[in-house]
Amino acid sequence: MSRSHRFRTPASGPTCSSTRAGSRTPIELGLEGLVDDYLRDYAEAHGEELAWYRTMPLPEAVRVAALSCTSKGKRHPHQRRLALEALMAGARILAAIPVQRVGSFDDLHRLVAVVSRQVPGLGPVWSYDVAQRIGAKLGLEPERVYVHAGTAVGAVNLGLGDRETIEVKELPREIRRLRPWQVEDFLCIYAEQIAGLYDQ
Numbered sequence: 007m008s009r010s011h012r013f014r015t016p017a018s019g020p021t022c023s024s025t026r027a028g029s030r031t032p033i034e035l036g037l038e039g040l041v042d043d044y045l046r047d048y049a050e051a052h053g054e055e056l057a058w059y060r061t062m063p064l065p066e067a068v069r070v071a072a073l074s075c076t077s078k079g080k081r082h083p084h085q086r087r088l089a090l091e092a093l094m095a096g097a098r099i100l101a102a103i104p105v106q107r108v109g110s111f112d113d114l115h116r117l118v119a120v121v122s123r124q125v126p127g128l129g130p131v132w133s134y135d136v137a138q139r140i141g142a143k144l145g146l147e148p149e150r151v152y153v154h155a156g157t158a159v160g161a162v163n164l165g166l167g168d169r170e171t172i173e174v175k176e177l178p179r180e181i182r183r184l185r186p187w188q189v190e191d192f193l194c195i196y197a198e199q200i201a202g203l204y205d206q
């Protein structure tokens, strides 16, 4: 296959999980095979991690989400390099906001992004991740794909351009069976493999 766009490779910064596709090449797997690989190896675990936030009272879920703690008591890899002082500052600001009044994930994401801009060092990945964690508690999911960091690399490599969000209807058929938050995850994890599908 071929595409008429330039491919990107992930830059340093927040990292996605490593793929476990074994010895099969992206060409052998195809896009549908990469999606199957994601569903088999990542989707359930990542869904369980989000479900963990639903087990907490809302104030605790907001605090733990902002501090980027995992269910194993460790810092989430995306926020591993962020200063604890910045995470704590973000958590303090969010604690004073009645997030339960938010009616959609879009609104929640905008709210968290405002907090992020008030605290140097947090950034757009923190904004999305924290909104997703709090959204899991509130029952709010993204209805479109949010693009940043490694996800942006995957989106460009798939030929979707450089933008802030992607509508589900714009995605290739093979990817549309994923939920929007799973697509964000998939594009980040499989950015290099997606490039390999078309670099022929």
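Numbering (this note's numbering), first residue to last: 7 to 206.
Heads up, the beta-carbon is just placed ideally off N, CA and C, and yes, glycines get one too.
What's the call for residue i, buried or exposed, on a 16-neighbour Cβ count within 10 Å?
i, result
"R139", "buried"
"A89", "exposed"
"G156", "buried"
"E91", "exposed"
"A67", "buried"
"N83", "Reading off the sequence, residue 83 comes out as Pro, not Asn. With fewer than 16 other Cβ atoms within 10 Å, it is exposed."
"E50", "exposed"
"E190", "buried"
"Q188", "buried"
"Q124", "exposed"
"P148", "buried"
"A71", "buried"
"V120", "exposed"
Can you tell which of the options has its C-alpha closest to the C-alpha of residue i?
i, options, result
"D47", "Q199, W58, G202, F192", "F192"
"L100", "E55, A197, S133, E147", "S133"
"G79", "R98, A95, E55", "E55"
"P65", "R116, A97, S74, L93", "A97"
"E198", "P148, L128, V159, M62", "V159"
"L37", "I181, M62, Q188", "I181"
"P126", "G39, L93, R60, L35", "L93"
"A102", "R69, L177, I195, P63", "R69"
Per DSSP, residue i forms a beta bridge with which residues?
i, result
"T171", "Y152"
"R81", "C75"
By Cβ distance below 7 Å, which residues in the same chain neighbour residue i in space, the five residues on each side in sequence not counted?
i, result
"V153", "A161, R169, E170, T171, I172"
"R150", "T171, I172, E173, V174, P186"
Can you list, in chain order, the residues of its chain with a C-beta nearer than 8 Å to that of residue i? Leave out the 5 residues immediately preceding and following it.
i, result
"L114", "V105, V108, A137, I140, G141, L144, L146"
"R183", "V41"
"S3", "The chain is shown from 7 up to 206; residue 3 falls before or after that span and cannot be answered."
"H52", "Q188, D191"
Among residues of its own chain, excluding the 5 on either side of residue i, which ones have a beta-carbon nearer than 6 Å to its beta-carbon?
i, result
"H11", "Note that H11 scores 43 on pLDDT, short of 50, meaning its location in the model is unreliable and no value can be drawn from it."
"P130", "H154"
"V118", "S133, V136, A137"
"T76", "H82"
"W58", "S77"
"L128", "A92, G96, S122"
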